[in-house]
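Every position in the sequence shown, counted from 1, becomes a number in this note's numbering once 1098 is added.
Shown next, in structure tokens, is the structure this report addresses.
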Amino acid sequence: MKKQLTIGLFGFGCVGTGLYEVLNKTTLLQASIKHIVIKDLSKKRIIDANYFSTDADRILDDEEINVVVELINDYEAAYEIVTKALKSGKHVVSANKKLIAYYLDELISLAKENQVSFLYEASVGGSIPIIRNLEEYYNNDSLSNINGIVNGTTNYILTKTGEGESFDEALKNAQDLGFAELDPTSDVDGFDAKYKLVLLLKHAFGFTAKQDAVWNYGIRQLKDWDATYAREKGLKIKLLAFGTRINNQVIGFVAPHLIPANHFAFNVENEFNAVVVEALFSDKQLFLGKGAGSHPTASAVLSDISALQFDYAYEYKKSKTEERLTFENDFSLKVYVSATTQEKLDEVEFADTLETYSGQSHSYKIGLIRYSEIQKMDWNAASEYFLAVVPDSVELDTKSILSASESTELIEELS
Ligand SMILES: NC(=O)c1ccc[n+]([C@@H]2O[C@H](COP(=O)([O-])OP(=O)(O)OC[C@H]3O[C@@H](n4cnc5c(N)ncnc54)[C@H](OP(=O)(O)O)[C@@H]3O)[C@@H](O)[C@H]2O)c1
């Protein structure tokens, strides 16, 4: 039976306002917002001031409120709110990937102990319903790969650099349009995508990856010559979150990839996100949609609220196999590395070289590098270099080559 949901909302920014608007346009849902807690009472809001306060306890101590929706932009404050809400027996819906990636198992345990639901569909891929599909549809252990574009800001920037803009110009345009924040570190250094990958690995394979164990390399160091190289070869550079399971080993990292025209991500442009799921029997399936924005993200929050009417909770069935799984660091990647000088390029230890170029402005090499070698350097801060993975290239134990993040032309059929 459907139950009445009385919501206490934290945050009334881009997504919070969007949620208010989409809730008002939805007739099938028995849900209403009773109170909204924000940070700055002096800001002008689109609804009556009586809704708002800065007092979290107005929501947390209100017994009539049975659902807390957490949509704030501060993960530490969100931790206090979410843990208190779960402990006081309220269901929680959140879009906060950083909070969840940092405290995943603790929050799952708290929800279980207090017999409430903790749902977070909007935290990965915006409007794309990926978490619930991984939980419900792919509810066995047949999944082998999950990878995709999960950060709209960097995808927008890469779309523009692919068209000939410099990284700095493209970032500035993204900031002017409100896609990128003034401090773009979380997006351009791949942290945001990494937090999302941690959640994907949990729901795809039942594996909790410690967020600081997952390598995240972004696009800050992309140079004009890298974009030109890609264009001239008919390739594109895309920031992909990559997850794969090989027997009992899980691999996960975030890095730019140099992809060919038949790759699923090739035509995913601007702020769009796309995730490909690869399973033993169903082969590859593509989820494509708007990865951010007020209404698209609010639509995923709305779906979680709607699921609560029927007492829906993630079961984490695949986590029962988790003790068998290990996070694998012993493999090689095929990569393109460019450097400002040949000397700098020579400092990078390749296990095997497939192609080299040495020029006046820069040099590059394509070849195999051990993952452990890559991890020795802080690539996000290494301004002399740019690295991009060349797909289909995870080589485990240098024996078994796994075909992963491989191309399909699904996107053309879908768009
Ligand atoms: N924007 C997107 O497209 C998108 C997509 C997916 C997920 N998300 C996630 O959704 C969440 C919200 O993002 P957003 O874009 O809506 O952020 P936003 O526009 O910056 O709004 C943040 C809201 O949080 C409030 N706030 C901040 N600290 C608070 C605190 N300690 N207590 C109560 N309220 C507090 C702010 O209050 P004031 O209004 O008073 O400043 C503001 O209303 C984040 O976790 C984000 O990562 C966003």
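Positions of the beta carbon are idealized from the N, C-alpha and C atoms, including for glycine.
I1335 to L1256 span [Cα, whole Å]: 7 Å
At 3 residues or longer, what runs of the beta strand (DSSP E) sit wholly inside the stretch 1127–1208? 1129–1135, 1165–1168 and 1189–1192
T1451: first and last residue of the uninterrupted beta strand (DSSP E) it sits in: D1450 to S1456
CB of K1173 within 8 Å of CB of A1193, strictly: Per the sequence shown, the amino acid found at residue 1173 is Tyr instead of Lys. It is not a contact, given that the beta carbons lie outside the stated cut-off.
Do the CB positions of Y1462 and Y1434 come within less than 8 Å of each other? yes
With S1461 as the anchor, note down where its beta strand (DSSP E) starts and where it stops. S1461 to R1468
Opposing strand residues paired with Q1347 [DSSP bridges]: I1344 and T1424
Can you give me the C-alpha to C-alpha distance between R1329 and L1269, rounded to a whole angstrom? 19 Å
Going by the C-beta, is G1106 closer than 7 Å to any heavy atom of ligand 1? no
Nearest-angstrom Cα separation, counted from D1160 out to Q1128: 19 Å
Can you determine whether any heavy atom of ligand 1 sits closer than 7 Å to the C-beta of A1437, and answer yes or no? no
Are there any heavy atoms of ligand 1 lying less than 7 Å away from the beta-carbon of I1066, as far as the coordinates show? In this structure the chain extends from 1099 to 1513, so residue 1066 is not present and cannot be described.
Just reading off the alpha helix (DSSP H) that S1392 is part of, what are its end residues? S1392 to L1406
With distances taken from CA atoms, which of N1360, L1333 and I1163 is nearest P1354? L1333
Start and end residues, alpha helix (DSSP H) containing E1330: D1322 to E1330
Quick check: is any heavy atom of ligand 1 less than 7 Å from the C-beta of T1451? no
Cβ-heavy atom distance between T1125 and ligand 1 below 7 Å? no
Whole-angstrom distance between Y1201 and E1233, CA atom to CA atom: 19 Å
Within 10 Å of its beta-carbon, does T1115 have 16 or more other beta-carbons around it, so buried, or fewer, so exposed? buried
Inter-residue Cα distance where the pair is L1338 and F1364: 11 Å
Below 7 Å, is the gap between the Cβ of T1283 and the nearest heavy atom of ligand 1? no
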